Every structure is written in structure tokens, then in C-alpha cells.
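Working notes for the structure below.
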Amino acid sequence: MVAVEHLGCSRPAASFDAADPSLRIEAIRKAAHDRDMTAVPSLISLLDSDDPAVRLLAIRTLEDLTSQTLGYDHAAPPWSRREAVDRWMRWYSQQGATPGPGAARPGP
Numbered sequence: 000m001v002a003v004e005h006l007g008c009s010r011p012a013a014s015f016d017a018a019d020p021s022l023r024i025e026a027i028r029k030a031a032h033d034r035d036m037t038a039v040p041s042l043i044s045l046l047d048s049d050d051p052a053v054r055l056l057a058i059r060t061l062e063d064l065t066s067q068t069l070g071y072d073h074a075a076p077p078w079s080r081r082e083a084v085d086r087w088m089r090w091y092s093q094q095g096a097t098p099g100p101g102a103a104r105p106g107p
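Residue 44 in numbering that gives the first Met the number 0 sits at position 45 of the sequence shown, with consecutive numbering throughout.
Here is the structure:
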């Protein structure tokens, strides 16, 4: 992982697959700010996050980028979120793209 120098301290860079939720949130915010459509597969994968704040920000960013939620609720039970993530993956596939490794969802 790349470190960022700031005031003589280094800290890991923001990324969608960072272990630290704050770094994932930072990556989501950057994607939202940049209106980065290439981040969609990574945002879809984050809908399965254990962290509710990550899930909330990921769906809001997807909604901002695509104008839809596909019925995803960040606070829903895991089985309901899983169904919505499947809808997102189908939607993404229908857009002519295939989810990359970052969008792969762990099994049940």
C-alpha cells in the first residue's frame, strides 16, 4: 500500500480495499467528488461492507453517479443487502461491463 507523507508522518493512502474504514470512506468521497464512473465496481463491492457508514456512503455515491439505488438499504439485514448487491451486479453487467476483482462478493 502506498503511504502519504503529511507533516513528517506517513499513513496509508485511501483505497476501496483498505482495512481501515476511514480510508475506504476517503476513497469513496474522492470518487464522488471526481464523479468517477470507473469506481462503480468498487462501490458495488463496498455495499457488502461490515461498516454501515461505508455502506451508506457507497450507496449515496452510486445514487449520485447513476441516479438509482436499485432498492439497496444500507441498514437492511444482510440477506436483503445481498439481494440488492446482486441487483447492482446484474445492472452493472447489463451496462456492457463486467465487475472486476474489486467487485467480487464473498460467498455466504
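The beta carbon of each residue, even a glycine, is placed where N, CA and C say it ideally should be.
All values derive from a computational prediction rather than experimental measurement.
Buried versus exposed call for residue i [16 or more other C-beta atoms within 10 Å across all chains shown]
i, result
"S21", "exposed"
"A74", "exposed"
"P40", "buried"
"T60", "buried"
"A18", "exposed"
"W78", "exposed"
"R34", "exposed"
"P107", "Because P107 carries a pLDDT of 37, less than 50, the predicted location of this residue cannot be relied on, and the following value inherits that uncertainty. Answer is exposed; the Cβ neighbour count stays below 16."
"M88", "buried"
"A30", "buried"
"A38", "buried"
"A102", "Residue confidence is low: A102 scores 45 on pLDDT, short of 50, so the model does not pin down where it sits. Its coordinate-derived value is still stated next. When all chains shown are included, A102 counts as buried."
"A83", "buried"
For residue j and residue i, believed in contact at Cβ under 8 angstroms, the rounded distance
i, j, result
"L69", "R86", "4 angstroms"
"I27", "L46", "Not confirmed; about 11 angstroms, so no contact."
"Y71", "R81", "Not confirmed; about 10 angstroms, so no contact."
Delimiting residues of the alpha helix (DSSP H) encompassing residue i
i, result
"Y91", "77-93"
"H73", "Where H73 is concerned, there is no enclosing alpha helix (DSSP H), given that its DSSP letter is neither H nor E."
"R23", "20-33"
"T37", "Per DSSP, T37 belongs to no alpha helix (DSSP H) and is neither H nor E."
"D63", "51-65"
Reference residue i; option with closest CA among the options
i, options, result
"S92", "Y71, I58, I43", "I43"
"P76", "R54, P11, I24, A38", "R54"
"I24", "S48, S9, E82, G95", "S48"
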